[in-house]
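Trainee: Residue 10 is where the sequence shown starts when you use this note's numbering, and the numbers rise one by one after that.
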Amino acid sequence: MGVLKRYGANLPISARTPGVNLEEGSTPLVRLDRIGGDLGIELWGKLEGCNPSGSFKDRGMVLAVAKALEDGARALVCASTGNTSASAAAYAAHVGAPCYVLLPSGKVAMGKLAQALIYGAKVIAVDGNFDRALEMAREASRKLGFAMVNSVNPYRLISQKTGAWEICEELGRAPDIHAIPVGNAGNISAYWAGYKDFREWGKISGLPRMVGFQAEGAAPLATGKPCPNPETVATAIRIGNPVSAERAKSAVLESGGEFGAVSDEEILAAQAMLAAKGGVFAEPASCAALAGLIKLRGAKRLPEGSKVVMVLTGNGLKDPDAALRQTGEPIRIGSSMEELLEALAQ
Ligand code: AN7
Numbered sequence: 010m011g012v013l014k015r016y017g018a019n020l021p022i023s024a025r026t027p028g029v030n031l032e033e034g035s036t037p038l039v040r041l042d043r044i045g046g047d048l049g050i051e052l053w054g055k056l057e058g059c060n061p062s063g064s065f066k067d068r069g070m071v072l073a074v075a076k077a078l079e080d081g082a083r084a085l086v087c088a089s090t091g092n093t094s095a096s097a098a099a100y101a102a103h104v105g106a107p108c109y110v111l112l113p114s115g116k117v118a119m120g121k122l123a124q125a126l127i128y129g130a131k132v133i134a135v136d137g138n139f140d141r142a143l144e145m146a147r148e149a150s151r152k153l154g155f156a157m158v159n160s161v162n163p164y165r166l167i168s169q170k171t172g173a174w175e176i177c178e179e180l181g182r183a184p185d186i187h188a189i190p191v192g193n194a195g196n197i198s199a200y201w202a203g204y205k206d207f208r209e210w211g212k213i214s215g216l217p218r219m220v221g222f223q224a225e226g227a228a229p230l231a232t233g234k235p236c237p238n239p240e241t242v243a244t245a246i247r248i249g250n251p252v253s254a255e256r257a258k259s260a261v262l263e264s265g266g267e268f269g270a271v272s273d274e275e276i277l278a279a280q281a282m283l284a285a286k287g288g289v290f291a292e293p294a295s296c297a298a299l300a301g302l303i304k305l306r307g308a309k310r311l312p313e314g315s316k317v318v319m320v321l322t323g324n325g326l327k328d329p330d331a332a333l334r335q336t337g338e339p340i341r342i343g344s345s346m347e348e349l350l351e352a353l354a355q
């Protein structure tokens with residue numbers, strides 16, 4: 010029914026807020042017993058790739074865009090590693106607003122670039138990384154009076170809390186551990202705030218430990234050191250200077266959780282495992298969460314039998330190149346049955 014309909018009573022909307030709706034949210038929470046069995050835990054995946062533009066960004070974008078319309082904004086602007094731009098462009102198209110997106114040139118997965126373009130946004134490829142593109146987008150929004158729809162926009166994170174609310178409603182409690190990839194650090198902050206809301210409202214009693222995973226080449230929070238030149242196969246989280254760093258640190262500290270870093274190899278291995286043992290195809294950045302859980306298990310720091318939810322933030326179809334680089338080729342044959350039988354017997 011869309012996030013604003015399902016949770017409107019708990020979101021800052023009024024009679025003047027337009028009812029934007031792409032039927033985002035209410036995403037599947039899937040129990041992954043084969044992988045959970047390997048890790049000695051009860052593992053659930055929140056399939057945020059099932060949102061209309063294929064990532065969790067839609068949850069926050071719907072409110073950010075509704076508020077921008079309510080405030081009479083002339084246009085939307087964002088910088089993005091890909092998913093924010095796809096989401097902003099989709100909602101802008103749906104409501105008929107102009108949209109400008111700044112992308113780090115050559116570092117955005119093909120599917121996301123295709124989305125921003127086909128939804129009709131004006132796409133600008135910046136010869137710089139995401140962090141620089143974000144500075145430029147912020148300045149442009151100030152100069153030109155456009156609504157900034159990155160997670161510096163407070164409505165984004167408020168509405169992203171709905172992911173945590175859905176998990177608690179479905180499980181009837183909070184998980185023991187909440188695992189999530191971290192880039193600009195907005196989503197981990199939003200989930201923590203969402204869990205705390207539910208406890209405050211008396212709907213759950215316990216809170217999860219928040220564990221956030223970054224890619225080794227872009228891990229300012231895991232290492233505690235700035236990262237001026239982030240690099241990783243998980244381009245969605247190729248971010249060196251997270252905007253919500255302080256909020257995310259509080260989430261980890263208050264919840265007794267931790268940040269961790271995983272290598273590109275570990276991320277890709279987790280992606281293959283999730284697909285081949287779970288039937289779920291998530292993009293590399295999303296798989297940093299599973300890679301992190303595998304690492305915790307290896308270090309004997311994943312308590313046996315824990316109830317664990319990982320947020321699979323984006324759809325694997327957005328970045329088929331990354332998957333194809335690690336899979337084999339199909340077996341090629343002619344059109345005879347002999348060749349087919351031979352291939353099937355291999
Ligand atoms: C699939 O689109 O920052 O820690 O510009 O696309 O809340 O930033 C994307 C981030 C995880 C990290 N997984 O979330 C953007 C952008 C996927 C993502 C993250 C992103 P945050």
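Backbone N, C-alpha and C fix where the C-beta goes; we use that ideal spot for every residue, glycine too. As the structure is a computational prediction, the values presented were derived from the model and not from experiment.
Just verifying my parser: in three-state terms, what is the DSSP assignment at Ser35?
Mentor: By 1-based counting over the sequence shown, the position of residue 35 is 26. DSSP places Ser35 in coil when its eight states are reduced to three.
Trainee: Do the region 148–168 and the region 125–139 make contact, defined as three or more Cβ pairs closer than 8 Å?
Mentor: No, the region 148–168 is not in contact with the region 125–139.
Trainee: Which of the three DSSP states, helix, strand or coil, is assigned to Val117?
Mentor: The residue given as residue 117 occupies position 108 in the sequence shown. Note: Val117 maps to coil in three-state DSSP.
Trainee: If we ignore side chains and look at the alpha-carbon of each, how far apart do Leu85 and Gly203 end up?
Mentor: Residue mapping note: residue 85 aligns to position 76 of the sequence shown, counting from 1. Residue mapping note: residue 203 aligns to position 194 of the sequence shown, counting from 1. Going by the C-alpha atoms only, they are around 26 Å apart.
Trainee: Let's test the definition: count the other Cβ atoms within 10 Å of the Cβ of Ala294 and tell me whether it reaches 16, buried, or not, exposed.
Mentor: Against the sequence shown, residue 294 aligns to sequence position 285. Buried is the call here.
Trainee: Across the region 111–118 and the region 240–253, are there enough close Cβ pairs to call them in contact, namely three or more that are closer than 8 Å?
Mentor: Yes, since at least three Cβ pairs between the region 111–118 and the region 240–253 fall closer than 8 Å, the two stretches touch.
Trainee: Assuming Ala270 and Gln223 form a contact by the criterion Cβ under 8 Å, report the distance between their Cβ atoms to the nearest whole angstrom.
Mentor: Here residue 270 corresponds to residue number 261 of the sequence shown, with the count starting at 1. Here residue 223 corresponds to residue number 214 of the sequence shown, with the count starting at 1. Right, the Cβ-Cβ distance comes to about 5 Å (below 8 Å), so this counts as a contact.
Trainee: Which of helix, strand or coil does DSSP assign to Ile246?
Mentor: The residue labelled residue 246 in the question sits at position 237 within the sequence shown. In the structure shown, Ile246 sits in a helix (DSSP, three-state: H, G or I).
Trainee: Taking only heavy atoms of the ligand AN7 into account, decide whether any of them is closer than 7 Å to the Cβ of Ile22.
Mentor: Locating residue 22 in the sequence shown gives position 13, where the first residue counts as 1. No.
Trainee: Going by beta-carbon coordinates alone, are Leu13 and Ile167 separated by less than 8 Å?
Mentor: As a first step, residue 13 is located in the sequence shown; it is residue number 4 there, counting from the start. As a first step, residue 167 is located in the sequence shown; it is residue number 158 there, counting from the start. Against a cut-off of 8 Å, the Cβ pair of Ile167 and Leu13 comes out as no contact.
Trainee: Which whole-angstrom value describes the C-beta separation of Val104 and Cys87, a residue pair presumed to lie in contact below a C-beta threshold of 8 Å?
Mentor: Numbered from 1 along the sequence shown, position 95 holds the residue referred to as residue 104. Numbered from 1 along the sequence shown, position 78 holds the residue referred to as residue 87. Actually they are not in contact, since the Cβ atoms of Val104 and Cys87 sit about 15 Å apart, beyond 8 Å.
Trainee: Could you give the distance in angstroms between the alpha-carbon of Glu79 and the alpha-carbon of Ser96?
Mentor: Against the sequence shown, residue 79 aligns to sequence position 70. Against the sequence shown, residue 96 aligns to sequence position 87. Each residue's Cα considered, the two are about 19 Å apart.
Trainee: Could you tell me which whole beta strand (DSSP E) segments of length 3 or greater appear in the region 60–139?
Mentor: 85–88, 108–113 and 131–135
Trainee: Tell me which residues share the same chain as Ile186 and place their Cβ nearer than 7 Å to its Cβ, disregarding the 5 neighbours each side in the sequence.
Mentor: Taking the first residue of the sequence shown as position 1, residue 186 is located at position 177. If you ignore the 5 residues before and after Ile186, its C-beta comes within less than 7 Å of the C-beta of Pro217, Arg218, Val220, Ser315 and Val317, all in its own chain and listed in chain order.
Trainee: Around the Cβ of Ser94, are there at least 16 other Cβ atoms within 10 angstroms (buried) or fewer (exposed)?
Mentor: Translated into positions along the sequence shown, residue 94 becomes position 85. Buried is the call here.
Trainee: Would you call the region 249–269 and the region 189–208 touching, i.e. three or more CB-CB distances under 8 Å?
Mentor: yes
Trainee: Is the beta carbon of Pro61 less than 8 Å from the beta carbon of Leu31?
Mentor: Sequence index remark: in the sequence shown, residue 61 carries index 52 (1-based). Sequence index remark: in the sequence shown, residue 31 carries index 22 (1-based). In this structure, Leu31 lies closer than 8 Å to Pro61 by Cβ.
Trainee: Mapping the DSSP letters down to three states, classify Phe207 as helix, strand or coil.
Mentor: The residue you call residue 207 lines up with position 198 of the sequence shown. Three-state result, Phe207: helix.
Trainee: Give the secondary structure of Ile176 by DSSP, where H, G and I count as helix, E and B as strand, and everything else as coil.
Mentor: Taking the sequence shown and counting its residues from 1, one reaches residue 176 at position 167. Ile176: helix per DSSP, three-state reduction.
Trainee: Going along the chain, which residues of its own chain have a beta-carbon closer than 6 Å to the beta-carbon of Glu313, five neighbours each way excluded?
Mentor: For the purposes of this step, residue 313 is taken as the residue at position 304 of the sequence shown. Excluding residues within five positions, the ones whose Cβ falls inside 6 Å are Gly49.
Trainee: Applying the criterion that 16 or more other CB atoms from any shown protein chain within 10 Å of the CB defines a buried residue, is Leu262 buried or exposed?
Mentor: Indexing the sequence shown from 1 puts residue 262 at position 253. Classified as exposed, Leu262 has fewer than 16 neighbouring CB atoms from the shown chains inside 10 Å of its CB.
Trainee: Using a Cβ-Cβ cutoff of less than 8 Å, which residues in the same chain neighbour Pro329 once the five nearest sequence positions on both sides are dropped?
Mentor: Reading the sequence shown from its first residue, position 320 is the one you call residue 329. Cβ neighbours of Pro329 within its own chain (closer than 8 Å, five residues either side excluded): Met119 and Gly120.
Trainee: Hey, out of Leu283, Gly288, Arg334 and Arg151, whose CA is closest to Cys296's CA?
Mentor: On the sequence shown, position 287 is the one that residue 296 refers to. Considering only alpha carbons, the answer is Leu283.
Trainee: Spatial neighbours of Asp67 within its chain, please: C-beta separation below 6 Å, excluding the five flanking residues on both sides.
Mentor: Here the question's residue 67 lines up with position 58 in the sequence shown. If we look at Asp67 and ignore the five residues flanking it on each side, its Cβ neighbours are Glu33, Asn60, Pro61 and Ser96.
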